[in-house]
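**Q** Sharing a structure, written as structure tokens. Questions coming.
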């Protein structure tokens, strides 16, 4: 990859970062295939059902860049559901923490991968601590500077960090927390409880424990991000059941066990602005254009006609992400949204390698995420608001 520089107009927002890890992608991937015992809370957890070597190339490059960006203090692991694999999830987690459908590998339906990742999300964070990320996250900012410096500070009230979409609705592609966090424990307990006796998503929404979350997430306020779905809202809500579980917790007052989920939500969760920090590309091109609206500018050659509107849009897109986003969530959304997401497009044969093609704005984004450091000291946050409707009920009390 070529050595790229920061243009003068962005030097007040970015500085050069000396990357310590000079290994190739292949060398880093080889390390990631090996078992790594947990020795601290500085863990980045992820999941791919069949193992890190079977991930799409662009996802592998995301993860190898996590290693370069975060450095040796952070241990990155991509867990899988392959018995005998060095990264088999049950080598890190007790089977009692996970639903039978995952442990016995009996899950079916179209969302087995995402829901398997959801099962591990809460379990890994509660058991070991750290951050859980989707492999579709293209990390731009160091984990310490996103949230961990605050989370591990004993004088800070922050114990958890999540991207907030609006109200009490989070995006779960990124969640960070200390080991043994009581809110994360309740979140995981609720999610695995509603999955008891199930092998797929169908019928999850019929559980009365999810009614509060369903009512809240259905009402998207004007001005916040939205997608056009090609399936009914019931299926969408069952797809994001883990988010519904989070929303339910934010509405629960102390029901007699001495723990108020809604108070904890307001006092101890760092909410960063999902649109600004998570979906910077969509903030420029919009959600309606789907992955094509991002693929086209990223695929543009940087030595093209700089006076064209398309070139200016590509330039704006990439420098906006590099200067003002913590990460870019690259979605699949397969079978859920009407448009084709960028992750699906990058996996098409004709687009192989376009996430880093030499001379393109995609190459600049890849290079800059690793070699440039944002000068801003803090990220865009939102208030963890109290829900207009709260209940004094236990986590599993209908």
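Numbering (the numbering used here), first residue to last: 7 to 404. All C-beta atoms, glycine included, are put in the ideal place defined by N, C-alpha and C.
Could you give the DSSP three-state label for residue 178: helix, strand or coil?
**A** In the structure shown, residue 178 sits in coil (DSSP, three-state: anything other than H, G, I, E or B).
**Q** Name the residue from 322, 221, 271 whose alpha carbon lies nearest to the alpha carbon of residue 15.
**A** Among 322, 221, 271, the Cα nearest to that of residue 15 is on 322.
**Q** Thinking C-beta only, is residue 91 closer than 7 Å to residue 57?
**A** Cβ distance < 7 Å, so residue 57 and residue 91 count as in contact.
**Q** Ignoring anything shorter than 3 residues or poking outside the region 217-291, list the beta strand (DSSP E) runs there in chain order.
**A** You should have 275-279.
**Q** Check residue 1 in the structure and name its three-state DSSP category.
**A** Residue 1 cannot be examined here, being either before or after the span of the chain that is shown, 7 to 404.
**Q** Would you report the Cα separation of residue 403 and residue 219, rounded to the nearest angstrom?
**A** If I take the Cα positions, the gap works out to 14 Å.
**Q** Please return the same chain residues whose Cβ sits closer than 8 Å to the Cβ of residue 391, not counting the five positions on each side in sequence.
**A** Excluding positions up to five away in sequence, the list reads 173, 174, 272.
**Q** How should residue 36 be labelled, buried or exposed, when 16 other C-beta atoms within 10 angstroms of its C-beta is the threshold for buried?
**A** Its Cβ having fewer than 16 others within 10 Å, residue 36 is exposed.
**Q** Along the chain, where does the alpha helix (DSSP H) that runs through residue 352 open and close?
**A** Note, residue 352: alpha helix (DSSP H), 348-352.
**Q** Report yes if the C-beta distance between residue 216 and residue 255 is below 7 Å; otherwise report no.
**A** No. Outside cutoff.
**Q** Measure the Cβ-Cβ separation of residue 179 and residue 200 and say whether it is below 7 Å.
**A** Their beta carbons are not under 7 Å apart, which means residue 179 does not touch residue 200 by this criterion.
**Q** Tell me which residues share the same chain as residue 291 and place their Cβ nearer than 8 Å to its Cβ, disregarding the 5 neighbours each side in the sequence.
**A** Excluding positions up to five away in sequence, the list reads 299, 300, 303, 319, 323.
**Q** In chain order, what residues of the same chain lie with their CB nearer than 6 Å to the CB of residue 34, ignoring the 5 residues before and after it?
**A** Around residue 34: 70, 73.
**Q** Would you mind giving the Cβ-Cβ distance between residue 116 and residue 341, rounded to the nearest angstrom? I have them listed as a contact below 8 Å.
**A** With 8 Å as the limit, residue 116 and residue 341 qualify as a contact, their Cβ atoms being about 5 Å apart.
**Q** Just curious, the beta strand (DSSP E) that residue 117 is in, first and last residue?
**A** Residue 117 -> no beta strand (DSSP E), and no H or E assigned at all.
**Q** What span of residues does the beta strand (DSSP E) with residue 380 cover, start to end?
**A** 378-380 is the extent of the beta strand (DSSP E) around residue 380.
**Q** Rounding to the nearest angstrom, what Cα-Cα distance links residue 158 and residue 203 in this structure?
**A** Distance between the alpha carbons of residue 158 and residue 203 is about 37 Å.
**Q** Count the other CB atoms within 10 Å of the CB of residue 210; is the residue buried (16 or more) or exposed (fewer)?
**A** Buried, because 16 or more other Cβ atoms sit within 10 Å of the Cβ of residue 210.
**Q** Within 10 angstroms of its Cβ, does residue 401 collect 16 or more other Cβ (buried), or is it exposed?
**A** Residue 401 is buried by the Cβ-count criterion.
**Q** Among 151, 41, 80, which one has its Cα closest to the Cα of residue 382?
**A** When only C-alpha atoms are compared, the closest one is 151.
**Q** Should residue 279 and residue 388 be called a contact, given that it needs their Cβ atoms to be closer than 7 Å?
**A** Result yes, Cβ atoms of residue 279 and residue 388 sit closer than 7 Å.
**Q** Return helix, strand or coil for residue 41, following the three-state DSSP convention.
**A** Correct three-state label for residue 41: coil.
**Q** Around the C-beta of residue 48, are 16 or more other C-beta atoms found within 10 angstroms, so that it is buried, or is it exposed?
**A** Answer is buried; the Cβ neighbour count reaches 16.
**Q** Among 111, 363, 193, 374, which residue has its Cα nearest to the Cα of residue 247?
**A** Checked all of 111, 363, 193, 374; the closest Cα to residue 247 is 193.
**Q** In chain order, what are the residue ranges of uninterrupted beta strand (DSSP E) at least 3 long that sit wholly in the region 135-172?
**A** DSSP runs (the beta strand (DSSP E)) wholly in the region 135-172: 136-139, 143-145, 166-172.
**Q** In this structure, how does DSSP classify residue 335 when only helix, strand and coil are distinguished?
**A** The answer is strand: DSSP assigns residue 335 an E or B state.
**Q** Tell me whether the beta-carbon of residue 83 lies closer than 7 Å to the beta-carbon of residue 135.
**A** No, these two residues do not count as a Cβ contact at 7 Å.
**Q** Checking 7 Å against the spacing of the C-beta atoms, do residue 145 and residue 333 come in under that value?
**A** In this structure, residue 333 lies closer than 7 Å to residue 145 by Cβ.
**Q** Could you check whether residue 398 and residue 234 sit closer than 7 Å to each other, using their CB atoms as the reference points?
**A** Contact flag unset, no.
**Q** Would residue 379 and residue 53 qualify as a contact pair, given that the criterion is a beta-carbon distance under 7 Å?
**A** No. Outside cutoff.
**Q** In three-state terms, what does DSSP make of residue 366?
**A** Looking at residue 366 - three-state DSSP - the assignment turns out to be strand.
**Q** Counting along the chain, where does the alpha helix (DSSP H) carrying residue 73 start and finish?
**A** Its alpha helix (DSSP H) spans residues 63-76.
**Q** Whose C-beta lies closer than 7 Å to the C-beta of residue 165 among residues of the same chain, with five residues either side of it excluded?
**A** Same-chain partners within the cutoff: 157, 183, 184, 187, 274.
**Q** Between which two residues does the beta strand (DSSP E) containing residue 325 stretch?
**A** Residue 325 -> not in any beta strand (DSSP E); alpha helix (DSSP H) instead, spanning 315-330.
**Q** Please classify residue 205: does DSSP put it in a helix, a strand, or coil?
**A** Looking at residue 205 - three-state DSSP - the assignment turns out to be coil, as it is neither helix nor strand.
**Q** Return the CA-CA distance between residue 126 and residue 31, expressed in angstroms with no decimal places.
**A** Near 25 Å, if we compare the C-alpha coordinates of residue 31 and residue 126.
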